[in-house]
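Residue numbers (my numbering): 1290 to 1533. Ideal placement from N, C-alpha and C gives every residue a C-beta, glycine not left out. Below: one structure, written as structure tokens.
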């Protein structure tokens, strides 16, 4: 969790420490949400699973700003918000989606458990990689967003051979030398990115509410926004290179 460079000299009170620890509890709640998502996945209630993963995503978006505002790192030095965040992110972004992908019958049966293991192992390594973010806050390689990969797998429902190849390619791209846009922390065109992320959230909630039975315009909008997140940095770099 990022902190300001100027240390806060305000004396810590019991109330401030309690509020700071409450942020850690809020972050840890994401792990409980992950369990609820897993229970829905076991029942093959896929839309409900994605609904809970969406709740976890909202928690992940809120806890960082809360931690910075309440100066959690200074007030609760014995608890690592960064480690806690990584633990929760791993189960919500990687582990539960890996289970869904491996058991959804959308992959070739012989490959599904192997790719499920590949997702979890590559995701664990990615989360431990100190180089996971570039200096400009872009992710390096495919950023282990397996909740999003699973979402698009259920949305597009491609033939098993294509699904299998697609998941295998994403695993391989985890450590590939390309950059993926961080939807919040990348400064360049942040205004556009935030508007697109908001639009994506609305379209995704609509899709989940209708159990993925949505029309082509919704599918196209979701895919176009995903293409922007994944490919915008490469396109901009290519344009700059061409102009140079």
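- Between the alpha carbons of residue 1344 and residue 1335 lies a distance of about 14 Å.
- Secondary structure at residue 1469: strand, using DSSP grouped into helix, strand and coil.
- Assignment of alpha helix (DSSP H) within the region 1468-1499, counting only whole runs of 4 or more residues, yields 1479-1498 in chain order.
- Per the DSSP secondary-structure output, residue 1384 pairs with nothing in a beta bridge.
- Residue pairing by DSSP places residue 1358 in no beta bridge whatsoever.
- Ranked by Cα distance from residue 1413, the options 1442, 1422 and 1382 are led by 1382.
- In terms of Cβ geometry, residue 1352 and residue 1370 form a close pair [threshold 9 Å].
- Relative to the Cα of residue 1364, the nearest Cα in the group 1474, 1310 and 1388 belongs to 1310.
- Taken through DSSP and simplified to helix, strand or coil, residue 1429 comes out as strand.
- Rounded to the nearest angstrom, the Cβ distance from residue 1404 to residue 1396 is 6 Å, consistent with a contact under 8 Å.
- Here residue 1441 has 1515 as same chain residues with Cβ atoms under 7 Å from its own Cβ, once five neighbours each way along the sequence are excluded.
- For residue 1317, the enclosing alpha helix (DSSP H) starts and ends at 1303-1331.
- Taking the Cα of residue 1432 as reference, the smallest distance to any Cα among 1339, 1316, 1518 and 1479 is reached at 1518.
- The straight-line gap separating the alpha-carbon atoms of residue 1317 and residue 1490 is approximately 23 Å.
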